[in-house]
Amino acid sequence: MTVADFDPFELDRETRAVRGGHVRSNFGENAEAIFLTSGFVYETAEAAEARFNGEQPGYVYSRYGNPTISVFEKRLAEIEGAEHCYGTGSGMSAAWTGLISALRAGDHVIAARALFGSNVVIFQQFLPRFGIETTLVDGTDPAQWQAALRPNTKLLFLETPSNPTLELIDIRLIADLAHAHGAKLMVDNALASPIVQRPITLGADIVMYSATKHIDGQGRCLGGAILSTKAFLETEFQPFLRHTGPALSPFNAWVLAKGLETISLRVERSAATALTLAQQIEDHKAVRRALYPFLKSHPQHDIALKQMDSGGTLIAFDLGTRAAAFAFLNALEVIDISNNLGDAKSLATHPVTTTHRAVAAEDRARTGITEGLVRLSVGLESAKDLGHDIIRALDAAAKIG
Ligand SMILES: *Cc1c(COP(=O)(O)O)cnc(C)c1O
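Just so you know, we're using numbering that gives the first Met the number 0 here: the sequence shown kicks off at 0 and counts up by one.
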């Protein structure tokens with residue numbers, strides 16, 4: 000039984016994050032049990048038959064579903080305000096499985112150009128291989144989305160804030176544009192997390208997560224999720240998931256379900272620290288440009304206020320040259336150099352040489368991924384210690400110029 004099933008009142012997100020999806024076994028354990036089992040057994044041959052033909056509810060095989068994976072799925076759906084959710088083995092398996100199960104050969108899909116590196120590869124290389132046409136547009140310009148629509152456009156895809164330049168796209172506006180054309184909108188919400196922004200409530204049809212990021216939040220395991228209506232997920236997504244096997248491990252599902260219990264505390268604290276740090280970074284002489292959605296100087300600050308509960312945990316800033324960016328990274332003592340994000344540990348990245356290497360130089364230039372750009376994922380260390388570390392490293396970068 001889930002919280003949603005038995006409570007007649009609207010429960011808050013924080014309550015659902017702790018209680019949602021929890022089903023106790025007959026031992027009455029407090030913490031969620033881990034069902035590390037690949038298969039299930041049946042009392043009788045008739046029961047097995049009934050389970051397989053869908054007359055009797057229950058699990059048959061963990062590639063199809065598993066009690067621990069269900070806890071994670073139900074909990075995330077309740078936090079997001081989505082009808083239904085499926086867990087996947089990684090964020091990219093959620094992206095690929097979501098796209099390929101929603102699309103058919105001959106369909107056309109439009110995506111905002113500012114995307115996570117592997118998403119770009121899917122749109123530019125893999126989808127066209129299966130006869131799916133793709134167009135990349137400047138996602139911040141509604142006229143470009145409109146102009147790219149074709150009779151066979153079935154899906155629009157975007158990421159907001161984008162990785163790593165934190166560009167924002169008005170989810171409601173693009174959802175309305177998609178729906179007026181009979182198409183669906185899919186949003187990669189990994190950077191925001193469901194604590195900062197809930198695209199389904201803003202009109203998106205399909206939402207994907209890399210649960211590896213804020214949902215785990217402590218750098219332990221990979222995972223992903225797709226959320227949408229029960230109708231779409233059961234008719235399109237579930238058959239693909241079952242028969243092609245991008246399943247989430249029950250152990251990882253358990254880690255992620257426990258991660259959801261603390262996600263609001265973690266993300267809210269990191270976002271509060273990030274706002275303080277963004278202001279300090281913006282004021283430093285080594286910084287050409289600082290990007291953070293809740294800074295007044297952000298080019299789409301009005302969209303941030305409209306659809307985000309906070310500015311999130313990521314800050315991007317341009318130090319002018321690769322040498323200055325490297326001097327900054329190498330001078331850090333508390334913050335680690337890493338390509339991950341959404342972690343308890345603050346992490347700094349140089350996208351051009353790491354996460355966005357696979358993106359063509361021309362596309363990097365168009366989306367503002369410059370040689371001097373640094374992406375900072377703000378964790379849970381004290382704002383004072385992080386501030387000291389960052390200012391000292393920016394001073395080192397200022398000497399390079
Ligand atoms: C990390 C990330 C992904 C990929 O997720 P994995 O769990 O690493 O497969 C997809 N989209 C965004 C925005 C990400 O940050």
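Glycine residues also receive a C-beta, built at the ideal position from the N, C-alpha and C atoms.
For Met91, verify whether its CB is less than 8 Å away from any heavy atom of ligand 1. In the sequence shown, the residue the question calls residue 91 occupies position 92. Correct: Met91 has its Cβ closer than 8 Å to ligand 1.
Less than 9 Å between the beta carbons of Ser192 and Gly311, yes or no? To locate residue 192, count along the sequence shown from 1; it is residue 193. To locate residue 311, count along the sequence shown from 1; it is residue 312. The answer is yes: Cβ separation under 9 Å.
Exposed or buried, what is Ser345 when buried is set at 16 or more other beta-carbons lying within 10 Å of its beta-carbon? For the purposes of this step, residue 345 is taken as residue 346 along the sequence shown, with counting starting at 1. It is buried - the Cβ of Ser345 has at least 16 other Cβ atoms within 10 Å.
Tell me the rounded alpha-carbon separation between Asp317 and Ala324. As a first step, residue 317 must be located in the sequence shown, where it is residue number 318. As a first step, residue 324 must be located in the sequence shown, where it is residue number 325. One C-alpha to the other measures close to 8 Å.
Would you give the residue range spanned by the beta strand (DSSP E) that His83 belongs to? In the sequence shown, residue 83 corresponds to position 84, counting from 1. Here the beta strand (DSSP E) through His83 covers 83-87.
What are the complete beta strand (DSSP E) segments, minimum 3 residues, inside the stretch 4-60? none
Using the three-state DSSP reduction, which class does Ser209 fall into: helix, strand or coil? By 1-based counting over the sequence shown, the position of residue 209 is 210. Ser209: strand per DSSP, three-state reduction.
What is the residue span of the beta strand (DSSP E) that Arg112 lies within? Start at 1 with the first residue of the sequence shown, and residue 112 comes out as number 113. Here Arg112 belongs to no beta strand (DSSP E), and DSSP marks it neither H nor E.
Just confirm the distance between the C-beta atoms of Gly80 and Gly223, as a whole number of angstroms; I'd bet it's less than 8 Å. The sequence position of residue 80 within the sequence shown is 81, counting from 1. The sequence position of residue 223 within the sequence shown is 224, counting from 1. Their Cβ separation, rounded to whole angstroms, is 19 Å, which puts Gly80 and Gly223 out of contact at 8 Å.
Report, in whole angstroms, the separation of the C-beta atoms of Val266 and Ile194, which I expect to be a contact under 8 Å. The residue you call residue 266 lines up with position 267 of the sequence shown. The residue you call residue 194 lines up with position 195 of the sequence shown. Contact flag correct, Cβ pair sits at about 4 Å.
Measuring only from the beta carbon, is Lys305 closer than 8 Å to any heavy atom that is part of ligand 1? In the sequence shown, residue 305 corresponds to position 306, counting from 1. Not under cutoff, so the answer is no.
Determine the closest residue to Asp187 out of Met207, Thr200, Ala174, Arg171, with distance taken between C-alpha atoms. Taking the first residue of the sequence shown as position 1, residue 187 is located at position 188. Of the listed residues, the one whose Cα sits closest to Asp187 is Met207.
Using the DSSP secondary-structure output, state which residues sit across from Asp317 in a beta bridge. As a first step, residue 317 is located in the sequence shown; it is residue number 318 there, counting from the start. According to DSSP, which records beta bridges pairwise, Asp317 is partnered with Arg288, Leu372.
On a Cα-Cα basis, can you pick out the residue from Val59, Ser37, Leu35 that is closest to Ala46? The residue given as residue 46 occupies position 47 in the sequence shown. Of the listed residues, the one whose Cα sits closest to Ala46 is Val59.
To the nearest angstrom, how far is it from the Cα of Met0 to the Cα of Gln196? Here residue 0 refers to the residue found at position 1 of the sequence shown. Here residue 196 refers to the residue found at position 197 of the sequence shown. Residue confidence is low: Met0 scores 41 on pLDDT, short of 50, so the model does not pin down where it sits. Its coordinate-derived value is still stated next. Cα-Cα distance, rounded: 27 Å.
Mark Pro7 as exposed unless 16 or more other C-beta atoms lie within 10 angstroms of its C-beta, in which case mark it buried. Taking the first residue of the sequence shown as position 1, residue 7 is located at position 8. Confidence in Pro7 is poor, its pLDDT being 48 and thus under 50, which makes the residue's placement unreliable; the coordinate value appears in the next sentence. That one is exposed.
Could you check whether the Cβ of Asp187 sits closer than 8 Å to any heavy atom belonging to ligand 1? In the sequence shown, residue 187 corresponds to position 188, counting from 1. Under cutoff, so the answer is yes.
According to DSSP, simplified to helix, strand and coil, what is Leu167? Within the sequence shown, the letter at position 168 stands for residue 167. The answer is coil: DSSP assigns Leu167 none of H, G, I, E or B.
Is it the case that the CB of Leu385 approaches a heavy atom of ligand 1 more closely than 8 Å? Here residue 385 refers to the residue found at position 386 when the sequence shown is read from its first residue. False, no ligand heavy atom lies under 8 Å from that Cβ.
Among Ser117, Asp106, Gln299, Pro56, the one whose alpha carbon lies nearest that of Ala357: Against the sequence shown, residue 357 aligns to sequence position 358. That would be Ser117, whose Cα lies nearest to the Cα of Ala357.
Helix, strand or coil for Met307, going by three-state DSSP, please let me know. Indexing the sequence shown from 1 puts residue 307 at position 308. Coil, per DSSP.
Opposite Ala224 in the DSSP bridges: which residues? In the sequence shown, counting from the first residue as 1, residue 224 sits at position 225. According to DSSP, Ala224 bridges with Gly86, Tyr208.
Does the Cβ of Thr366 lie closer than 8 Å to at least one heavy atom of ligand 1? For the purposes of this step, residue 366 is taken as residue 367 along the sequence shown, with counting starting at 1. The answer is no for Thr366.
Who does Thr152 pair with in a DSSP beta bridge? Here residue 152 refers to the residue found at position 153 when the sequence shown is read from its first residue. DSSP lists His107 as partners of Thr152.
Is it the case that the CB of Gly410 approaches a heavy atom of ligand 1 more closely than 8 Å? Limits of the chain in this structure are 0 at one end and 400 at the other, which puts residue 410 out of reach.
Would you report the Cα separation of Ile68 and Ala230, rounded to the nearest angstrom? Within the sequence shown, the letter at position 69 stands for residue 68. Within the sequence shown, the letter at position 231 stands for residue 230. For Ile68 and Ala230, the distance between alpha carbons rounds to 20 Å.
I believe Ser263 touches Glu13 by the beta-carbon criterion, under 8 Å. Please report the beta-carbon distance rounded to the nearest angstrom. Taking the first residue of the sequence shown as 1, we reach residue 263 at position 264. Taking the first residue of the sequence shown as 1, we reach residue 13 at position 14. The pair is a contact, with the Cβ atoms about 5 Å apart (cut-off 8 Å).
Quick check on the burial criterion: 16 or more other C-beta atoms within 10 angstroms. Buried or exposed for Asp215? For this step, residue 215 is matched to residue 216 along the sequence shown. Asp215 should be labelled buried.
Could you tell me if Ala347 is buried or exposed, where buried requires 16 or more neighbouring beta carbons within 10 angstroms of its beta carbon? For this step, residue 347 is matched to residue 348 along the sequence shown. Its Cβ being crowded by 16 or more others within 10 Å, Ala347 is buried.
By DSSP's criteria, Ile336 is part of a beta bridge. Which residues make up the other side? Position 337 of the sequence shown, counting from 1, holds the residue named residue 336. Its beta-bridge partners are Ala347.
Cβ of Ala210 within 8 Å of any heavy atom in ligand 1? Counted from its first residue, the sequence shown places residue 210 at position 211. Ala210: yes, Cβ under 8 Å from ligand 1.
Is DSSP giving Lys183 helix, strand or coil here? Here residue 183 is taken as the residue at index 184 of the sequence shown, counted from 1. In this structure, Lys183 counts as strand in the three-state DSSP scheme.
Quick one: what does DSSP say Glu158 is sitting in, helix, strand or coil? By one-based count along the sequence shown, residue 158 stands at place 159. Three-state result, Glu158: strand.
Report, in whole angstroms, the separation of the C-beta atoms of Asp388 and Val333, which I expect to be a contact under 8 Å. Taking the sequence shown and counting its residues from 1, one reaches residue 388 at position 389. Taking the sequence shown and counting its residues from 1, one reaches residue 333 at position 334. Confirmed, about 4 Å.
For Arg35, which option in Ser248, Pro292, Ala359 has the closest C-alpha, if you only look at C-alpha atoms? For the purposes of this step, residue 35 is taken as residue 36 along the sequence shown, with counting starting at 1. Here residue 35 turns out to be Leu, not Arg, going by the sequence shown. The shortest C-alpha separation from Leu35 is found at Ser248.
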